[in-house]
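At position 76 of the sequence shown (counting the first as 1) the number is 56 in my numbering, and the numbers step up by one without a gap.
All C-beta atoms, glycine included, are put in the ideal place defined by N, C-alpha and C.
Report on one structure; see the data block that follows.
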Amino acid sequence: MVDLTAQEGAAIRATLQPVAALIDTIGWQSPPSAWSQEQMLQLITVAIGWQSPPSAWSQEQMLQLITVAIDGFQTAMHQAAVDDPMEVPF
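Structure, rendered in structure tokens:
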């Protein structure tokens, strides 16, 4: 796993805001369990607006991006449940 600095992590989270908005619009509680890492990566790259991932990024860096995106999404869903338990049905 790639170790990110706090600044790199914050930059990735800011970049992933469109992903969170897309997932929220779709209404997922979590990413579909049947989806592969490649499918999640495709969703993330489309939401960010990339034509493709940066060519300089390694597979390990892309997996870290996916992990941060999923962790951030799950954290946002948990916070939404705390803020308004009637809004999030889990």
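I need the DSSP call for residue i, collapsed to helix, strand or coil.
i, result
"ALA36", "coil"
"ALA14", "coil"
"LEU(-4)", "coil"
Between residue i and residue j, what straight-line distance do the alpha-carbon atoms span, to the nearest angstrom?
i, j, result
"ALA36", "VAL48", "19 Å"
"ALA(-14)", "LEU(-4)", "15 Å"
"MET20", "ILE46", "7 Å"
"ASP51", "GLN44", "10 Å"
"TRP30", "ALA14", "24 Å"
"VAL68", "LEU2", "Below a pLDDT of 50, predicted positions are generally treated as unreliable, and VAL68, at 45, falls in that range; the measurement from the model is reported next regardless. VAL68 and LEU2: Cα-Cα distance of roughly 16 Å."
"ALA0", "ALA(-6)", "10 Å"
"ALA(-10)", "MET42", "16 Å"
Considering Cα atoms alone, identify which of the options is closest to residue i.
i, options, result
"THR5", "MET20, THR(-5), ALA27 and ALA(-6)", "ALA27"
"GLU40", "VAL(-1), ALA0, ALA(-9) and GLN17", "GLN17"
"PRO(-2)", "ASP51, GLN44 and LEU23", "LEU23"
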